[in-house]
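Quick note, in the numbering used here, the sequence shown goes up one by one and the last residue is 732. Single-structure report; data block below.
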Amino acid sequence: MKWRWDRQHRTQKGFGGAEAPESRVLRHWGLQGVEWWPWLRRSPVAVDLLAWWGHAEAYRALVGEDAYQERGRELLSRASPRDCAAAGMGCERRIDRACRTPEICALEPAAPGRREGPAPGACSGFYGDTWLRVRFSPDDRHRAVSCREDEKWASRLWVDGVQVEADVALDFGGHWQGNRFYVVQAMGPDDHPMQRWGPGGGWIASLLIHDIERGASRLLVPEDTEAWTDPLVVLTGDELRIYADRAAHDADEPGRVLRLGEAVADDGTEPGTDGY
Numbered sequence: 457m458k459w460r461w462d463r464q465h466r467t468q469k470g471f472g473g474a475e476a477p478e479s480r481v482l483r484h485w486g487l488q489g490v491e492w493w494p495w496l497r498r499s500p501v502a503v504d505l506l507a508w509w510g511h512a513e514a515y516r517a518l519v520g521e522d523a524y525q526e527r528g529r530e531l532l533s534r535a536s537p538r539d540c541a542a543a544g545m546g547c548e549r550r551i552d553r554a555c556r557t558p559e560i561c562a563l564e565p566a567a568p569g570r571r572e573g574p575a576p577g578a579c580s581g582f583y584g585d586t587w588l589r590v591r592f593s594p595d596d597r598h599r600a601v602s603c604r605e606d607e608k609w610a611s612r613l614w615v616d617g618v619q620v621e622a623d624v625a626l627d628f629g630g631h632w633q634g635n636r637f638y639v640v641q642a643m644g645p646d647d648h649p650m651q652r653w654g655p656g657g658g659w660i661a662s663l664l665i666h667d668i669e670r671g672a673s674r675l676l677v678p679e680d681t682e683a684w685t686d687p688l689v690v691l692t693g694d695e696l697r698i699y700a701d702r703a704a705h706d707a708d709e710p711g712r713v714l715r716l717g718e719a720v721a722d723d724g725t726e727p728g729t730d731g732y
């Protein structure tokens, strides 16, 4: 028994009898901590995020589920893509496992833009199992955090740590258009003549556009003649083009076109003919 202890003890010793730093990191933080050690030494947020995500069961037992989720949203609202990768969260390439190419993803990004790894700077989006998602703007300065409640379709949205208030249920997805606008589908009107609830899809959706510069949101609701079954927004020059679905986008047939000055009013309502 003493020999076995001595053998384990020796494998964790460096020169002069001191425990090797890598062994200490491995013992406390696992392989994830070793692989992302250089970045973790640079980023306090990454360390906090690794403790939160890498020790989720112990964290939940200590503070409870609500506090665990709240802490996660707060951390992600300050995190960088490499912080999320260092914590071991699922990424755009594989949502079900940690990054396996830290030698690439821990490098400085070559240029702003959406990334799907392996890529320097890590991916532009990360997942915390099925209930949590964070998407970074192309310049990595802004973060949109979606949190699904009780495995339902509806979710809540935080942008740069501030909850986006909405009177309708928001989808769990969403995407950035440039560094200014975050777009997410929302539940469409019940009284829309083409609304079809139930399995199989085909229901009508609305769109929420959040404007970072103004800190305000605008809800776009389809008219009775607009079949928004999978609406999306594309930023082109100084315009936001609204498409009813992927087919309309591929055919470049926008149903609406908004000038940037008309996108979102100061109070989040639709601006008048004078824009802002």
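We put the CB at the ideal spot given by N, CA and C, even for glycine.
Item: Under a Cβ-count criterion, where at least 16 other Cβ atoms within 10 Å of its own Cβ denotes burial, should Arg483 be classed as buried or exposed?; Value: exposed
Item: Is Glu695 helix, strand or coil by DSSP?; Value: strand
Item: Quick one: complete alpha helix (DSSP H) runs, 4+ long, within the region 472-514?; Value: 477-491, 493-498, 500-510
Item: For His666, which residues does DSSP report across the bridge?; Value: Tyr638, Ser673
Item: If you draw a straight line from the alpha carbon of Asp616 to that of Leu563, how long is it in whole angstroms?; Value: 24 Å
Item: Indicate whether Gln633 and Val689 have their beta-carbon atoms separated by less than 9 Å.; Value: yes
Item: With a threshold of 16 other CB atoms inside 10 Å of the CB of Arg553, please say whether the residue is buried or exposed.; Value: exposed
Item: What residues match up with Gly584 in a beta bridge as DSSP calls it?; Value: Leu588
Item: Considering only residues of the same chain and omitting the five flanking positions on each side of Glu682, which have a CB-CB separation below 7 Å?; Value: Ala700, Gly711
Item: Measure the C-alpha to C-alpha separation of Ser580 and Leu691 and round it to an integer number of angstroms.; Value: 18 Å
Item: In chain order, what residues of the same chain lie with their CB nearer than 7 Å to the CB of Gly546, ignoring the 5 residues before and after it?; Value: Asp552, Arg553, Phe582, Tyr583
Item: Would you list the residues sitting across from Arg599 in a DSSP beta bridge?; Value: Phe592
Item: What whole-angstrom Cβ distance do Gly630 and Arg591 have, given they're in contact under 8 Å?; Value: 6 Å
Item: For Pro687, does the count of other Cβ atoms within 10 angstroms reach 16, so buried, or fall short, so exposed?; Value: buried
Item: Beta-carbon separation of Gly510 and Gly486 under 9 Å?; Value: yes
Item: I believe Asp596 touches Ser536 by the beta-carbon criterion, under 8 Å. Please report the beta-carbon distance rounded to the nearest angstrom.; Value: 6 Å
Item: Going by beta carbon distance, what residues of the same chain come within less than 8 Å of Asp504, once the five residues before and after it are set aside?; Value: Leu531
Item: Kindly indicate which residue of Arg497, Arg498, Ala541, Asp646 has the alpha-carbon position closest to the one of Glu572.; Value: Ala541
Item: Please classify Cys547: does DSSP put it in a helix, a strand, or coil?; Value: strand
Item: Can you tell me whether His705 is helix, strand or coil according to DSSP?; Value: helix
Item: Which value, in whole angstroms, describes the spacing of the CA atoms of Ala625 and Pro649?; Value: 20 Å
Item: Quick one, which of Asn635, Phe637, Val677, Glu669 has its alpha-carbon nearest Met643's?; Value: Val677
Item: Please confirm whether Arg604 and Phe637 have their CB atoms less than 9 Å apart.; Value: no
Item: Does the distance from the C-beta atom of Ser593 to that of Ala600 stay below 9 Å?; Value: yes
Item: Just reading off the alpha helix (DSSP H) that Gln525 is part of, what are its end residues?; Value: 521-532
Item: Mapping DSSP to helix, strand and coil, what is Ala535?; Value: coil
Item: Which residues mark the beginning and the end of the alpha helix (DSSP H) in which Cys561 is found?; Value: 558-561
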